[in-house]
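Structure first, commentary second.
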DNA sequence: GCCAATCCATACTCAAGCGTATGGAATCCA
DNA sequence: TGGATTCCATACGCTTGAGTATGGATTGGC
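Chains as they are written, first to last, in full-length UniProt numbering: chain A, 1 to 192; chain B, 1 to 192.
Okay, here's the thing in structure tokens:
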């Protein structure tokens, strides 16, 4: 259950709280982010929390910022390093398809779009990723307008898939089925 | 703001509460569904509510069931009525693209997937719609397995688009841009 | 017109969860 | 080593919103 947070830390830092918050969000959603619960989980009390943060919202804000920067150039950097632009998109698809933990946070935030604080974060992230897809599609020869629409379509499919699978647990796919699905995506979305 | 609920009704029925609940959900999300707020909006007090429903969750449950049945055969029936199967998918895309109100509820529920009650409802709805797409794709000549993957991809793109646009308000599309996006979807997802 | 069923108002209780106040323990540093 | 800084515990106040109790108003059948 708890992944790391018991190496007998005597004192905590703000970053510790932010990490714990992100873990809790990934596992139980933003709605479950309560300061007393978090404190319990960290083995301290509220007194500690309110020394590091002015309010609960401040923690959420900080945790989201942390997540936004932290997980940003995860894969993108490696993809851009590929010499042949034609390999980038398929490789991106396959890489993303087999990541897991980043998606858990992402999916959790996706189903917490109720909260006003997460909306701008997700908007920025989506914007950047769509732009990345946009240039990737132009690099394989698509005209700019078409490439942008294809990028939107691709990212929408990605987001939707996370919702349907992670949150709804919908198409109970085996590994094989999942792989053929990914290949189907590649075949239909990426121009040959 | 309030669309209909003031024709001087002297008494309310359970259905009235359910409709009001759905409206409130569409406008402010599931999180905003509070009985005292709803009562105020309907011009009554909690006393009324707890006569019709045993608990807040009961109302949500009933409202969701109502929505699930109510908005189910909305477009699907009309699409199935089209004689030429080849016309169905494009027509479906264009129709769905220009609907508005049903999507508001759908999008609201999509970003309320935190709540355990909405998950099964959304799962069922998504399942049915994906199956509909599946048969539609087979009817235009796709092999069954490919058609299923294409259906998943299509529905994921739909769901993702709702998230990105409605909730994140992301790509501020003009009507023209939106139309070309839809045509782009049709061109890439539907086999000619 | 009267009684019973239906619908609603008022006035509470109760729990959850945020935030505050204040003092004590641990750590750093000069 | 002693004082300042940093971190935490305990105990409280306050608000919000769900649910209950009970009596009053309204309506439909006879």
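Quick reminder that beta carbons are idealized off the backbone N, C-alpha and C, glycines included. Keep in mind that this is a model prediction, so the values were computed, not measured.
{"query": "Strictly under 9 Å for the Cβ-Cβ distance: is residue 13 of chain B near chain A by that measure?", "result": "no"}
{"query": "Have a look at residue 176 of chain A and residue 68 of chain B and give me their C-alpha separation to the nearest angstrom.", "result": "32 Å"}
{"query": "When you compare only the Cα positions, how much space is there between residue 5 of chain A and residue 42 of chain A?", "result": "Because the pLDDT at residue 5 of chain A is just 37, under 50, the model does not fix this residue reliably, and the value given afterwards should be weighed accordingly. The alpha-carbon atoms of residue 5 of chain A and residue 42 of chain A are separated by roughly 7 Å."}
{"query": "Nearest-angstrom Cα distance between residue 143 of chain B and residue 21 of chain B?", "result": "43 Å"}
{"query": "Is there a Cβ of chain B sitting closer than 9 Å to that of residue 110 of chain A, yes or no?", "result": "yes"}
{"query": "Nearest CA to the CA of residue 70 of chain A: which residue from A:90, A:149 and A:105?", "result": "A:105"}
{"query": "Below 6 Å CB to CB, which residues in the same chain sit around residue 63 of chain B once its five sequence neighbours on both sides are set aside?", "result": "18, 21 and 22"}
{"query": "Compute the beta-carbon to beta-carbon distance between residue 157 of chain A and residue 141 of chain B, rounded to the nearest angstrom, for a pair I have assumed lies under 8 Å.", "result": "With 8 Å as the limit, residue 157 of chain A and residue 141 of chain B do not qualify as a contact, their Cβ atoms being about 22 Å apart."}
{"query": "For the candidate residues A:113, A:119 and A:189, whose alpha-carbon lies nearest to that of residue 150 of chain A?", "result": "A:189"}
{"query": "Taking C-beta to C-beta, are residue 164 of chain B and residue 170 of chain B nearer than 9 Å?", "result": "yes"}
{"query": "Can you tell me the Cα-Cα spacing of residue 78 of chain B and residue 77 of chain A, whole angstroms?", "result": "47 Å"}
{"query": "Using the Cα positions of residue 87 of chain A and residue 134 of chain B, report the straight-line distance between them to the nearest angstrom.", "result": "30 Å"}
{"query": "For the stretch 77-147 of chain A, list the alpha helix (DSSP H) runs that are entirely contained and at least 4 residues long, ordered along the chain.", "result": "85-98, 101-110 and 118-139"}
{"query": "Is the Cβ-Cβ distance between residue 114 of chain B and residue 112 of chain A less than 9 Å?", "result": "yes"}
{"query": "Is residue 16 of chain A helix, strand or coil by DSSP?", "result": "helix"}
{"query": "Run through DSSP, which three-state label would residue 47 of chain B get?", "result": "helix"}
{"query": "Exposed or buried, residue 126 of chain A, counting other C-beta atoms within 10 Å across all chains shown (16 or more means buried)?", "result": "buried"}
{"query": "Identify the contact partners of residue 179 of chain B in chain A, using a Cβ-Cβ distance below 7 Å as the criterion.", "result": "Ordered by position in chain A, no residue passes the 7 Å Cβ test against residue 179 of chain B, which lies about 11 Å from the chain."}
{"query": "From what residue to what residue does the alpha helix (DSSP H) around residue 187 of chain A run?", "result": "175-189"}
{"query": "Going by CA-CA distance only, name the one from B:192, B:138, B:118 and B:35 that's closest to residue 55 of chain B.", "result": "B:35"}
{"query": "Whole angstroms is fine: what's the gap from residue 27 of chain B's alpha carbon to residue 107 of chain B's?", "result": "10 Å"}
{"query": "By DSSP, does residue 193 of chain A sit in helix, in strand, or in coil?", "result": "Lying outside 1 to 192, the shown extent of chain A, residue 193 of chain A is not represented and no answer is given."}
{"query": "Near residue 209 of chain B, which residues of its chain fall below 7 Å by C-beta distance, leaving aside the five closest residues on each side in sequence?", "result": "Outside the displayed range of chain B (1 to 192) lies residue 209 of chain B, so it cannot be described from this structure."}
{"query": "Let's test the definition: count the other Cβ atoms within 10 Å of the Cβ of residue 130 of chain B and tell me whether it reaches 16, buried, or not, exposed.", "result": "buried"}
{"query": "If you follow the alpha helix (DSSP H) that residue 62 of chain B is part of, which residue opens it and which one closes it?", "result": "56-70"}
{"query": "In the DSSP assignment, find the alpha helix (DSSP H) that holds residue 42 of chain B and state where it starts and stops.", "result": "35-42"}
{"query": "Tell me the rounded alpha-carbon separation between residue 167 of chain A and residue 119 of chain B.", "result": "8 Å"}
{"query": "Apart from the five residues just before and just after residue 46 of chain A, which ones in its own chain have a Cβ nearer than 8 Å to its Cβ?", "result": "35, 36 and 39"}
{"query": "At a cut-off of 8 Å, is residue 192 of chain B close to the ligand SAH when judged by its beta-carbon and the heavy atoms of the ligand?", "result": "Only the bare structure without any ligand can be found here, which leaves the ligand SAH out of the picture."}
{"query": "For a contact meaning CB atoms closer than 8 Å, what does residue 155 of chain A contact in chain B?", "result": "160 and 164"}
{"query": "So, helix, strand or coil for residue 29 of chain A, using DSSP?", "result": "coil"}
{"query": "Assign residue 7 of chain B to buried or exposed, taking buried as 16 or more other Cβ atoms, counted over all protein chains shown, within 10 Å of its Cβ.", "result": "Low confidence applies to residue 7 of chain B: its pLDDT is 46, below 50, so where it sits in the model is not reliable enough to give any reading."}
{"query": "Helix, strand or coil for residue 11 of chain B, going by three-state DSSP, please let me know.", "result": "coil"}
{"query": "Using CA coordinates, which residue listed in B:192, B:174, B:14 and B:137 is at the minimum distance from residue 59 of chain B?", "result": "B:14"}
{"query": "Count the other C-beta atoms from every protein chain shown that fall within 10 angstroms of the C-beta of residue 1 of chain B, then say buried if there are 16 or more, exposed otherwise.", "result": "Interpretation of residue 1 of chain B is limited by its pLDDT of 38, a score under 50 that renders its predicted location unreliable; the figure taken from the coordinates is listed afterwards. Answer is exposed; the Cβ neighbour count stays below 16."}
{"query": "So which residues on chain A does residue 185 of chain B lean against when the C-beta distance must stay under 7 Å?", "result": "153"}
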